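Structure record follows, encoded as structure tokens.
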Ligand code: PLP
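Residue numbers (the numbering used here): 4 to 387.
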């Protein structure tokens, strides 16, 4: 024994059990469950992040992301991190100190965009609406004309409220006023129609763990030509080294230069989740989400629970359901978890205690899940 070896302190050397988790059905606002194919992809043997085979996999993942987003944007990549990393990347790269950034705030995630933009020095202007409502194109047009922002940021699917923002003519208005359109598609991509090029969206991001049905930890980001031009014209460095897309583009582009070690197996998982979407086809996938959401909304009404958001702009992937008078929202959610292994979520902000949030996302948007949840929810409301 080496007498000079340091003495090891065993204080933190706890003995823990091997993981043995209950089989939860994740019907909350995310993460959602993913398929065995994605699970297998995650556990595929590792290769290096500059291996020629991995480079093929990167290219395939980018191309499939373009399909799912319906865009030809060359710069379309998965960011290493959760949806918030891609959200932050979009602002870190496009906002320069003093830029006027107009943000639609009709729920929590619009608030978060304001917070993030302000941290990069933006002059943030807020366009506000109640939680559960959406903006009309005219309201957006008037605000753009008044504030003359360089970026308009909108949440396509507000996970805090279950409202889906209609996108007609907004992108064209942005072009007229020389403003970039930034769209959060975290809870819409892969579940409801998202057609970036048709909508003239310049910047969009998403997360793996919602309708894409991949584990959390990888987050798609896309920058169109107008966004790249703004990035290339910057007078100041991107104030976040890890998320600087001018550096990362050298890894995801033809140079393949090291920036940070890509989460290789997470890219495998995302690629598999995207392959599944491409096999199903977007039209069928959107139709499946719409059909199962409609069945959920009808079934909820039958057990005395009304959806919160007006049907016109109700989001198929995430439903906010009004907790009936006298029912304890938390106790019902706890009952579902304990007796059925089903996760649904409560809400926060002005909707706290008033609604449950029920997700039917990607792999989980299935008829059998709707039937099971409705029966379980009824039992929980009667017994919790
Ligand atoms: N944007 C929206 C609309 C979201 O729903 C979420 C997460 O729920 C995010 C951004 C942030 O994603 P993440 O929690 O994966 O960091």
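The beta carbon of each residue, even a glycine, is placed where N, CA and C say it ideally should be. This one's a predicted model, so the numbers in the text were calculated from it and none came from an experiment.
- Per DSSP, the beta-bridge partners of residue 185 are 156, 206.
- In the assembly as shown, residue 292 is a buried residue. Its beta-carbon has 16 or more other beta-carbons within 10 Å.
- Within the chosen limit of 7 Å, the ligand PLP reaches the beta carbon of residue 87 through at least one heavy atom.
- Within the DSSP bridge table, the entry for residue 289 names no partner.
- Of the candidates 259, 283, 137, the residue whose Cα lies closest to the Cα of residue 167 is 137.
- Secondary structure within the stretch 101-148: the beta strand (DSSP E) runs of 3 or more consecutive residues, fully enclosed, are 103-108, 126-131 (chain order).
- Residue 225 is a Cβ neighbour of residue 79, given a cutoff of 8 Å.
- Closest in C-alpha terms to residue 101, from the list 88, 120, 124, 93, comes 124.
- Along the length of the stretch 326-387, whole alpha helix (DSSP H) runs at least 4 residues long occupy 332-343, 370-386, reported in chain order.
- Judged by DSSP secondary structure, residue 226 falls outside any alpha helix (DSSP H) and instead within the beta strand (DSSP E) spanning 221-226.
- Residue burial is scored here from C-beta neighbours: residue 279 has at least 16 other C-beta atoms within 10 angstroms and is therefore classed as buried.
- Excluding its 5 nearest sequence neighbours in each direction, residue 162 has C-beta neighbours in its own chain below 6 Å: 32, 190, 321, listed in chain order.
- For residue 163, the secondary structure class from DSSP, reduced to helix, strand or coil, is coil.
- Between residue 221 and residue 365, the beta carbon gap of about 14 Å keeps them out of contact (Cβ cut-off 8 Å).
- Counting C-beta pairs with one atom in each stretch, the stretch 336-343 and the stretch 179-199 have fewer than three that are closer than 8 Å, which means they do not touch.
- In this structure, residue 91 and residue 246 form a Cβ contact; the two beta carbons are roughly 6 Å apart against a cut-off of 8 Å.
- A check of alpha carbon separations from residue 387 across 355, 282, 212, 332 identifies 332 as the nearest.
- When C-alpha distances from residue 314 are compared across 307, 306, 324, the shortest belongs to 324.
- If you draw a 10 Å sphere on the C-beta of residue 326, you find 16 or more other C-beta atoms in it, and that means buried.
- Between residue 28 and residue 344, the C-beta spacing is below 8 Å.
- Under DSSP, residue 28 takes part in a beta bridge, and its partners are 345.
- By the Cβ test, the stretch 50-57 is not in contact with the stretch 224-238, since fewer than three Cβ pairs between them sit closer than 8 Å.
- Two segments are said to touch when three or more pairs of C-beta atoms, one from each, lie closer than 8 Å; by this definition the stretch 244-263 does not touch the stretch 32-43.
- For residue 83, the uninterrupted beta strand (DSSP E) run begins and ends at 78-83, by DSSP.
- The beta carbon of residue 180 sits closer than 6 Å to the beta carbons of 147 from its chain, once the five residues preceding and following it are set aside; these are given in chain order.
- Taking 8 Å as the cut-off, the Cβ atoms of residue 295 and residue 209 do not count as close.
- In the displayed model, residue 242 falls within coil according to three-state DSSP, outside both helix and strand.
- In the structure shown, the three-state DSSP call for residue 8 is coil.
- For the options 7, 95, 64, the alpha carbon positioned closest to that of residue 248 is the one of 95.
- Distances from the alpha-carbon of residue 319 to those of 160, 116, 98 put 160 closest.
- Going by DSSP, residue 271 is part of the alpha helix (DSSP H) stretching over 267-283.
- Pairing residue 131 with residue 260, the inter-Cα distance amounts to about 43 Å.
- Beta bridge pairing from DSSP links residue 324 with 310, 359.
- The alpha carbon of residue 129 has as its nearest neighbour, out of 82, 334, 122, 155, the alpha carbon of 155.
- Residue 316: not part of any alpha helix (DSSP H); DSSP gives it neither H nor E.
- Classified as buried, residue 205 has 16 or more neighbouring CB atoms from the shown chains inside 10 Å of its CB.
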